[in-house]
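Take a look at the structure below.
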Amino acid sequence: MTTPQMPVAIFVGGTSGIGRGMAEAYAHHLNGIAHIIIIGRDQAAANEMISSFPKPTEPNTEPSSSAGPIFLHEFVSSDFSLISNVHKTAKSLLNRLQRIDYLVLTPGVSLFARRKETKEGLDEKMALSYYSRWTFIHDLLPLLRKSEIRSGAKVYSVLSAGRGDLESVDTDDLDLKKKHTIQRCRLAVSTYNDLMMQKLAKQDPQIGFSHAFPGLVRSPMLTSSMWYYLFYPFLTFFAQTPEAVGKIQISTCMASPPGFNRYGEMGESLKYMPADELIVERLWNHTLQVTESLREE
Ligand SMILES: NC(=O)c1ccc[n+]([C@@H]2O[C@H](COP(=O)([O-])OP(=O)(O)OC[C@H]3O[C@@H](n4cnc5c(N)ncnc54)[C@H](OP(=O)(O)O)[C@@H]3O)[C@@H](O)[C@H]2O)c1
1 MTTPQMPVAI FVGGTSGIGR GMAEAYAHHL NGIAHIIIIG RDQAAANEMI SSFPKPTEPN
61 TEPSSSAGPI FLHEFVSSDF SLISNVHKTA KSLLNRLQRI DYLVLTPGVS LFARRKETKE
121 GLDEKMALSY YSRWTFIHDL LPLLRKSEIR SGAKVYSVLS AGRGDLESVD TDDLDLKKKH
181 TIQRCRLAVS TYNDLMMQKL AKQDPQIGFS HAFPGLVRSP MLTSSMWYYL FYPFLTFFAQ
241 TPEAVGKIQI STCMASPPGF NRYGEMGESL KYMPADELIV ERLWNHTLQV TESLREE
């Protein structure tokens, strides 16, 4: 249940790293007075972080209460590398939420990994950093349109704004099944996040759709990689903590205006030259076809 005074914020990939930093900063900024939904797979990490969120008073969760609860912090377990799970999770939220005000998307595995196909036939990296994000936003649009924020709901995808390349998009191999290299994949998902936001913002101009680059972040994704050990002095010098990045990115997200925005690591606005509609539509139709074929209802 969601009461009118309680903003609804969803953090997909909020159990670790940048997403966790953003969720924690958000919870503290509002002194916990919000409906916060953390989505990921790591229940223990979610429990630990939710227990650390500020809790203004005991929640009043009595169904008979007219006021309703003043805060609700919950974890929803879902493996977002499978698009069928993304559809299921969205469906259950559509059934029980009245609106969504913030949708923050940071799920991912290292983009420097080799192609690893899920049982649905998508590369895991591409599924987490593009297809699942597209599907979740697309399915939840009815709730985002009902946001009570005066400047509209905010959708915020943290990946690699400004690091894409339109020229690299291969319209005959959008899912990179014919030729998959780490570089092609990195460029593809970076560019696809821009193209998806461009189309979404045109379709729903009252909502803020943002794609952000967080800079180098000392999150588990970085610290567990061999690169971290090989370039330790360099990386520790340049990489920021997830907590610091979380604060920057959530305040940028909360201040983002309606339309398509791109942001850099300090929350600065990045220029964007809109892509040709033909390529935007080609990618959109491809994604719709792939993701709808994986809907299990
Ligand atoms: N760290 C950097 O320097 C850096 C730089 C540029 C861009 N980025 C991008 O920023 C995003 C966040 O990275 P991070 O550094 O915060 O990484 P992280 O600390 O490893 O966090 C990744 C998050 O993704 C979730 N996740 C992974 N696989 C999942 C799955 N199958 N289903 C659902 N959730 C899943 C994890 O949750 P569970 O474990 O609970 O499933 C976790 O919450 C990524 O897209 C990354 O590419 C990071």
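Going by full-length UniProt numbering, 269 is the number at position 269 of the sequence shown; the sequence numbering is gapless. Glycine included, every Cβ here is placed at the ideal spot set by N, Cα and C.
Strand pairing of K154, partner residues [DSSP] | The sequence position of residue 154 within the sequence shown is 154, counting from 1. Its beta-bridge partners are Y102, G208.
Buried versus exposed call for G14 [16 or more other C-beta atoms within 10 Å across all chains shown] | For this step, residue 14 is matched to residue 14 along the sequence shown. G14 should be labelled buried.
With a Cβ-Cβ cutoff of 8 Å, do A127 and S81 count as a contact?
-> Position 127 of the sequence shown, counted from the first residue, corresponds to residue 127. Position 81 of the sequence shown, counted from the first residue, corresponds to residue 81. Yes. Within cutoff.
Between the Cα of N47 and those of H73, L111, A27, spot the shortest distance and give me the residue it belongs to.
-> For this step, residue 47 is matched to residue 47 along the sequence shown. Residue H73 is the option with its Cα nearest to N47.
Rounded to whole angstroms, what's the CA-CA distance from L216 to S151? Just pull it up for me.
-> Numbered from its first residue, the sequence shown carries residue 216 at position 216. Numbered from its first residue, the sequence shown carries residue 151 at position 151. Roughly 30 Å between the two C-alpha positions.
How about L283 and L195: are their beta carbons less than 8 Å apart?
-> By one-based count along the sequence shown, residue 283 stands at place 283. By one-based count along the sequence shown, residue 195 stands at place 195. Taking 8 Å as the Cβ cut-off, L283 and L195 qualify as a contacting pair.
Quick one: what's got a C-beta closer than 8 Å to Q5's C-beta in the same chain, skipping five residues either side?
-> For the purposes of this step, residue 5 is identified with residue 5 of the sequence shown, where counting begins at 1. Counting only Cβ-Cβ distances below 8 Å, and skipping sequence neighbours, we find I33, I70.
Would you kindly check if the distance between the Cβ of T135 and the Cβ of I207 is under 8 Å?
-> Indexing the sequence shown from 1 puts residue 207 at position 207. Indexing the sequence shown from 1 puts residue 135 at position 135. No, Cβ-Cβ distance for I207 and T135 is not below 8 Å.
What's the call for R20, buried or exposed, on a 16-neighbour Cβ count within 10 Å?
-> As a first step, residue 20 is located in the sequence shown; it is residue number 20 there, counting from the start. Looking at its Cβ environment, which holds 16 or more other Cβ atoms inside 10 Å, R20 is buried.
Beta carbon of C253, beta carbon of Y130: below 8 Å?
-> For the purposes of this step, residue 253 is taken as the residue at position 253 of the sequence shown. For the purposes of this step, residue 130 is taken as the residue at position 130 of the sequence shown. No; because the gap between Cβ atoms is not below 8 Å, this pair is not in contact.
Report yes if the CB atom of Y156 is closer than 8 Å to the CB atom of S210, and no otherwise.
-> Residue 156 sits at position 156 when you count from the first residue of the sequence shown. Residue 210 sits at position 210 when you count from the first residue of the sequence shown. Cβ distance < 8 Å, so Y156 and S210 count as in contact.
Can you name the start and end residues of the alpha helix (DSSP H) that R262 belongs to?
-> Here residue 262 is taken as the residue at index 262 of the sequence shown, counted from 1. Looking at the DSSP string, R262 is not in any alpha helix (DSSP H); the run it does join, the beta strand (DSSP E), is 259–263.
Hey, quick one: how far does the alpha helix (DSSP H) through residue 311 stretch, first residue to last?
-> Nothing in the structure corresponds to residue 311, since the chain is present only between 1 and 297.
Can you grab the Cα-Cα spacing for the pair K91 / S168, in whole Å?
-> In the sequence shown, residue 91 corresponds to position 91, counting from 1. In the sequence shown, residue 168 corresponds to position 168, counting from 1. Those two C-alpha atoms are separated by around 34 Å.
Can you grab the Cα-Cα spacing for the pair I10 / K55, in whole Å?
-> Your numbering for residue 10 matches position 10 in the sequence shown. Your numbering for residue 55 matches position 55 in the sequence shown. Rounded to whole angstroms, I10 to K55 spans 18 Å at the Cα level.
Could you tell me whether the Cβ atoms of L176 and A161 are closer together than 8 Å?
-> For the purposes of this step, residue 176 is taken as the residue at position 176 of the sequence shown. For the purposes of this step, residue 161 is taken as the residue at position 161 of the sequence shown. Going by C-beta atoms, L176 is not nearer than 8 Å to A161.
Unbroken beta strand (DSSP E) run spanning F75, endpoints = Here residue 75 refers to the residue found at position 75 of the sequence shown. Residues 72–77.
Do we get a CB-CB distance below 8 Å when we pair L283 with the residues of chain B?
-> No chain B appears in the structure shown, which is made up of a single protein chain.
Is S160 near ligand 1, going by C-beta to nearest heavy atom under 7 Å?
-> For this step, residue 160 is matched to residue 160 along the sequence shown. S160: yes, Cβ under 7 Å from ligand 1.
Residue 310, buried or exposed, once every other Cβ within 10 Å from all chains shown has been counted against 16 | Coverage of the chain is limited to positions 1 through 297, which leaves residue 310 absent and any answer about it impossible.
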